[in-house]
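S.K.: So the protein sequences, as listed, match chains Z and X. Per our numbering, the very first residue in the first sequence carries number 1; after that it's consecutive. Per our numbering, the very first residue in the second sequence carries number 347; after that it's consecutive. Pasting in a structure now, in structure tokens, and then I'll have a few things to ask.
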Amino acid sequence: MNCRESINQADRPLEEALLNDWHVVATSEEVVPGKLVPTMLFGRELVAWRDSAGQAYVWEDLCIHRGARLSKGFIQSDRVVCPYHGWNYDGSAQCVLMPASPNETPMKKAKAIPHHVKEAYGFIWACMGEPANDIPAFPEWDDPSYKKVVCGPYEFKSGYRALENFIDPTHFPFVHAGVNGIMDQPDPIGAYDVFEKNGGLATSEVQVTQPYGDPREVPVMAYYAYQCLRPLVAYFKKRVVITDPERASEGSPDDRFCTFFTAQQVDETRSIVRICCAMNFSPQPTDADVRRRQDLVYAQDSAIVNTQRPERIPVDLRMELHHRTDLLGQKYRMWLRNMGVSYGTV
Amino acid sequence: MELSDSQRMNLRLTAMRYGARDILLYELEPLDGSVLPPVTAGAHLDLHLPDGLIRQYSLISSLCDAQRYVVGVKRDAEGRGGSRWLHDQARVGQMLEVSLPRNHFPLSSAQTPVCLIAGGIGITPIYSMFKALQQSGRAVHLHYWSRSAEHALFHRELENAPDVTLHFASASGPQSDLQAVLAGLPGETEVYACGPSTMLDQLESSGLGERLHVERFVSAGPVMAEGAFSVVLARSGHEYVIPPGETILNVLLEAGEDVLYSCEQGVCGACEVTVLEGEPVHGDTVYSADEHTRRRSMMICCSSSASPRLLLDI
Ligand code: FES
Ligand code: FES
Ligand SMILES: [Fe+2]
């Protein structure tokens, strides 16, 4: 068994559904060449870094020599230098220099513990096991008619609860009163369909009234089609129709606002949410406009979601009370349960 | 009249009149001539029927007064027993326990024009609204879908009225008719609708937003079988008898079967299971009976069986 396998088996092993999946551990922007970025996934301490050619790496934050924390070291000539005895690791994670014995070729086993890495949609993704799937699709990313803005990080306790909140339109009038809903006139949420799609869950459109429905700050009727792509990745494509007749001419029937949502489950009760918004209407808002609005909305969300108890989400439906309007959240919990996801759940 | 704490009244069934094919009008009066609370258009009441069934029926407010409440009930052979009891067993002279009228479907007080949409027995609250709006002088047009003239309640009053369009089963189908009606609506018109859930679903997805007001007939609790039936769990082969008055969910839970549920009232969808054989009678409001047929599923917390045996994929 190599080091990576033995770490993966340590204590309580992470269930395969999560271990063999891709998870966002940083935004691309956060990991700049020359810097060691400590990060954490499922309670495992990791370090992310980038070489001068732009290649990103995610390793265990651990030197194989005596277990020092690599993120406390530094980068020199595209090598990670351990802060304790100065061992040098190159991009293949191989130790190429032991300063205490400079002329000796380091042993083959002197290797940092690397993980699979992909960079996509403005995020750095890692898989600590063996990838069972590709990272989920985000079609608008490759569509030049869409402007993309990465937002976050936003801190939440449970990433699953944060995701469930993301796919729940019934909280809009209360948590986002005046922005995504109207508190005095909450929309009754009509029956919507939840179906399986590519191994995930998807819904038919859910209609809600939004007084400031998108960064243009116009009142819209919004039609959300949601998807749960992975246990900690979700998405919606929102069709927006301007309801103010005076401003209706600003809109087009093809107007869409999409959000690709990711949660990094740091440990059982801490997570970091990062999103990428994609929109195709004009005039295009500035990046700062989009972020200002998302920062507000996600701050409103985390203020409530972080009060939810238990902090670990119950995947047994009996433990909380569901309603027909929560059908997607409910199917999400069943889906997690059927996948055997137990980390961060009760 | 003194109202009890639970706000129920004992009223006598004083008349049953023919309304339309399969629809009867029931009149209820207080015994002592006391004054009944007033009824507004869109209101309904609960009828407590023998066997513990509680059913909601819309009041036909234009026929109600301080001495009499009137409800219209359609006999639903596939239904959950309330309408069958009223049609087949109820007798004039009987006493029935009745709740106070409640209105979850009130008309707004705006002066905008109104479009009323009724499907089938959904005409009962809508007709009340129609009368109330006409009386108040507000612009209104009623669209009423039914199978045929014979099936249409108040057909005689409505057939030649200028602000009424009757729609009978047509070749183009109700969906496209409804679409055409909506397409012709002036922008500020408010829409009130009551009818089958497919119709209401279509309305809700038609972008009317706040201008749309619908009333759905909601489940009043579990459908209890009138006779026992058996449930076979296909994966384990376990077989259980569900006695009258029990739910499948309760019997399975008591036997220690691991089944999912949450609301136990037919509104959440947690207890949905696949039906491999047999004919469930659905009591939930998550999906329509048609949708259940398509999904081959049932909610075991609140549904029963028309066949002696159900084979479930559990
Ligand atoms: S209202 Fe739903 S959690 Fe509080
Ligand atoms: S438990 Fe909620 S529908 Fe059956
Ligand atoms: Fe929110």
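Built from N, CA and C at the ideal position, the CB exists for glycine as well.
#1: Nearer than 7 Å: is that true of the beta carbon of glutamate 637 of chain X relative to any heavy atom of ligand 2?
#2: Figure out for me which residue from Z:Val25, Z:Asp51, Z:Ala120, Z:Ala299 has the closest Cα to the Cα of tyrosine 34 of chain Z.
#3: In or out: lysine 109 of chain Z buried (at least 16 other Cβ within 10 Å) or exposed?
#4: Closest to glycine 615 of chain X by C-alpha separation, out of Z:Val31, Z:Leu321, Z:Leu229, would be which residue?
#5: Below 6 Å CB to CB, which residues in the same chain sit around valine 47 of chain Z once its five sequence neighbours on both sides are set aside?
#6: Say the cut is 7 Å; is the CB of aspartate 326 of chain Z nearer than that to a heavy atom of ligand 2?
#7: Quick one: is the Cβ of asparagine 165 of chain Z within less than 7 Å of any heavy atom of ligand 3?
#8: In the DSSP assignment, find the unbroken alpha helix (DSSP H) run with proline 219 of chain Z in it and report its ends.
#9: Would histidine 562 of chain X and serine 543 of chain X be called neighbours here (beta carbons separated by less than 8 Å)?
#10: Run through the DSSP bridge pairs and tell me what arginine 363 of chain X is partnered with.
#11: Tell me whether arginine 502 of chain X is buried or exposed, calling it buried when 16 or more other Cβ atoms sit within 10 Å of its Cβ.
#12: According to DSSP, is tyrosine 298 of chain Z helix, strand or coil?
#13: CB-CB under 6 Å to proline 568 of chain X, same chain, minus the five flanking residues each way: which ones, in chain order?
#14: The alpha helix (DSSP H) with leucine 599 of chain X in it runs from where to where?
#15: Less than 7 Å separating the Cβ of valine 297 of chain Z from some heavy atom of ligand 3?
#16: Quick one: list the residues of chain X neighbouring arginine 324 of chain Z, beta-carbon separation under 7 Å, in chain order.
#17: Against chain X, with Cβ distances strictly below 8 Å, would serine 249 of chain Z count as a contact?
#18: Tell me, please, which residues DSSP counts as bridged to valine 80 of chain Z.
#19: Check whether the stretch 124-133 of chain Z and the stretch 234-254 of chain Z are in contact - that is, three or more C-beta pairs closer than 8 Å.
#20: Taking only beta-carbon atoms, is tyrosine 607 of chain X less than 8 Å away from chain Z?
#21: Quick one, which residues of the stretch 159-181 of chain Z are near chain X if we go by CB-CB under 8 Å, in chain order?
#22: What in chain Z is Cβ-close to serine 482 of chain X, meaning under 9 Å?
#23: Mind listing, in chain order, the continuous alpha helix (DSSP H) runs of no fewer than 4 residues lying wholly within the stretch 462-510 of chain X?
#24: Shorter than 8 Å from the beta carbon of glutamate 550 of chain X to some beta carbon of chain Z?
#25: For ligand 3, I want to know if aspartate 301 of chain Z counts as a neighbour, meaning its beta carbon is within less than 7 Å of at least one of the ligand's heavy atoms.
#26: Report the partner residues of tryptophan 125 of chain Z according to the DSSP bridge assignment.
#27: Give me the Cα-Cα distance between phenylalanine 500 of chain X and glycine 365 of chain X, rounded to the nearest whole angstrom.
#28: Who does leucine 656 of chain X pair with in a DSSP beta bridge?
#29: Would you say valine 117 of chain Z touches ligand 3, meaning its beta carbon is less than 7 Å from a heavy atom?
#30: Kindly indicate if chain Z contains any beta-carbon less than 8 Å away from that of glycine 553 of chain X.
#31: Which class does serine 271 of chain Z belong to by DSSP, given the choice of helix, strand or coil?
#32: Looking at chain X, is there any beta carbon in it that lies within less than 8 Å of the beta carbon of valine 233 of chain Z?
#33: Does the structure place the stretch 294-311 of chain Z close enough to the stretch 67-87 of chain Z that three or more beta carbon pairs sit under 8 Å?
#34: Could you give the C-beta distance for glycine 428 of chain X and glycine 541 of chain X, rounded to a whole number, given that I count them as a contact under 8 Å?
#35: Could you check how far apart the C-beta atoms of alanine 225 of chain Z and aspartate 547 of chain X are, in whole angstroms? I think they sit under 8 Å.
#36: From the DSSP output, in three-state form, read off serine 52 of chain Z for me.
M.R.: On the basis of the data shown:
#1: Mapped onto the second sequence, residue 637 of chain X falls at position 291. No - ligand 2 has no heavy atom lying nearer than 7 Å to the Cβ of glutamate 637 of chain X.
#2: By one-based count along the first sequence, residue 34 of chain Z stands at place 34. A quick correction: the sequence has glycine, not tyrosine, at residue 34 of chain Z. Closest option to glycine 34 of chain Z, judged by alpha-carbon separation, among Z:Val25, Z:Asp51, Z:Ala120, Z:Ala299: Z:Asp51.
#3: On the first sequence, position 109 is the one that residue 109 of chain Z refers to. An exposed status is given to lysine 109 of chain Z, since fewer than 16 other beta-carbon atoms sit within 10 Å of its beta-carbon.
#4: In the second sequence, the residue the question calls residue 615 of chain X occupies position 269. Nearest to glycine 615 of chain X by alpha-carbon distance, out of Z:Val31, Z:Leu321, Z:Leu229, is Z:Leu321.
#5: By one-based count along the first sequence, residue 47 of chain Z stands at place 47. Excluding residues within five positions, the ones whose Cβ falls inside 6 Å are Leu36, Pro38, Trp59, Asp61, Leu70, Ser71.
#6: Residue mapping note: residue 326 of chain Z aligns to position 326 of the first sequence, counting from 1. Result no, Cβ not under 7 Å from ligand 2.
#7: Counted from its first residue, the first sequence places residue 165 of chain Z at position 165. A heavy atom of ligand 3 is found nearer than 7 Å to the CB of asparagine 165 of chain Z.
#8: Locating residue 219 of chain Z in the first sequence gives position 219, counting from the first residue. Careful: proline 219 of chain Z lies outside any alpha helix (DSSP H) and carries neither H nor E.
#9: Along the second sequence, one-based indexing puts residue 562 of chain X at 216. Along the second sequence, one-based indexing puts residue 543 of chain X at 197. The sequence given here places arginine at residue 562 of chain X; histidine does not occur at that position. Arginine 562 of chain X is a Cβ neighbour of serine 543 of chain X, given a cutoff of 8 Å.
#10: Reading the second sequence from its first residue, position 17 is the one you call residue 363 of chain X. Looking at the DSSP assignment, arginine 363 of chain X forms a beta bridge with X:Leu371.
#11: Here residue 502 of chain X is taken as the residue at index 156 of the second sequence, counted from 1. Exposed is the call here.
#12: Translated into positions along the first sequence, residue 298 of chain Z becomes position 298. Per DSSP, reduced to three states, the secondary structure at tyrosine 298 of chain Z is helical.
#13: Along the second sequence, read from residue 1 onward, the residue named residue 568 of chain X stands at position 222. Confidence in proline 568 of chain X is poor, its pLDDT being 49 and thus under 50, which makes the residue's placement unreliable; the coordinate value appears in the next sentence. Answer for proline 568 of chain X: Thr593, Gly629, Cys648, listed in chain order.
#14: Stepping through the second sequence from its first residue, residue 599 of chain X is reached at position 253. According to the DSSP assignment, leucine 599 of chain X belongs to the alpha helix (DSSP H) that extends over 594-600.
#15: By 1-based counting over the first sequence, the position of residue 297 of chain Z is 297. Indeed, a heavy atom of ligand 3 lies less than 7 Å from the Cβ.
#16: Taking the first residue of the first sequence as position 1, residue 324 of chain Z is located at position 324. What arginine 324 of chain Z touches in chain X: Val613, Cys614, Gly615, Thr631, Val632.
#17: Counting from 1 along the first sequence, the entry for residue 249 of chain Z is found at position 249. Chain X contact via Cβ: absent.
#18: Position 80 of the first sequence, counting from 1, holds the residue named residue 80 of chain Z. Beta-bridge pairing links valine 80 of chain Z to Z:Ile75, Z:Tyr89.
#19: Between the stretch 124-133 of chain Z and the stretch 234-254 of chain Z there are fewer than three C-beta pairs closer than 8 Å, too few to call the two in contact.
#20: Taking the second sequence and counting its residues from 1, the one referred to as residue 607 of chain X is at position 261. Yes - at least one Cβ of chain Z is within 8 Å of the one on tyrosine 607 of chain X.
#21: Under the 8 Å Cβ criterion, the stretch 159-181 of chain Z contributes no residue.
#22: Start at 1 with the first residue of the second sequence, and residue 482 of chain X comes out as number 136. Here the premise fails: no neighbours, minimum Cβ distance about 23 Å.
#23: Entirely contained in the stretch 462-510 of chain X, the alpha helix (DSSP H) runs reaching 4 residues are, in chain order, 469-482, 501-505.
#24: Along the second sequence, read from residue 1 onward, the residue named residue 550 of chain X stands at position 204. So, interface residue.
#25: Translated into the one-based positions of the first sequence, residue 301 of chain Z becomes position 301. Yes, since a heavy atom of ligand 3 falls inside the 7 Å radius drawn around the Cβ of aspartate 301 of chain Z.
#26: In the first sequence, counting from the first residue as 1, residue 125 of chain Z sits at position 125. Looking at the DSSP assignment, tryptophan 125 of chain Z forms a beta bridge with Z:Val24, Z:Lys118.
#27: Counted from its first residue, the second sequence places residue 500 of chain X at position 154. Counted from its first residue, the second sequence places residue 365 of chain X at position 19. Their backbone Cα atoms lie some 7 Å apart in a straight line.
#28: Looking up residue 656 of chain X in the second sequence gives position 310. X:Val577, per the DSSP bridge assignment.
#29: Counting from 1 along the first sequence, the entry for residue 117 of chain Z is found at position 117. In this structure, the C-beta of valine 117 of chain Z stays at least 7 Å away from each heavy atom of ligand 3.
#30: Position 207 of the second sequence, counted from the start, is the residue given in the question as residue 553 of chain X. Between glycine 553 of chain X and chain Z, the shortest Cβ-Cβ separation is below 8 Å.
#31: Here residue 271 of chain Z is taken as the residue at index 271 of the first sequence, counted from 1. Judged by DSSP in its simplified three-state form, serine 271 of chain Z adopts strand.
#32: Here residue 233 of chain Z refers to the residue found at position 233 when the first sequence is read from its first residue. Under the Cβ distance rule, valine 233 of chain Z does not count among the residues neighbouring chain X, no pair being separated by less than 8 Å.
#33: When C-beta atoms of the stretch 67-87 of chain Z are compared with those of the stretch 294-311 of chain Z, fewer than three pairs fall below 8 Å, so the two segments do not count as touching.
#34: Counting from 1 along the second sequence, the entry for residue 428 of chain X is found at position 82. Counting from 1 along the second sequence, the entry for residue 541 of chain X is found at position 195. Between glycine 428 of chain X and glycine 541 of chain X a beta carbon distance of about 18 Å is seen, past the 8 Å cut, so the two are scored as non-contacting.
#35: Locating residue 225 of chain Z in the first sequence gives position 225, counting from the first residue. Locating residue 547 of chain X in the second sequence gives position 201, counting from the first residue. About 16 Å; that fails the 8 Å criterion.
#36: Indexing the first sequence from 1 puts residue 52 of chain Z at position 52. It is coil, neither helix nor strand.
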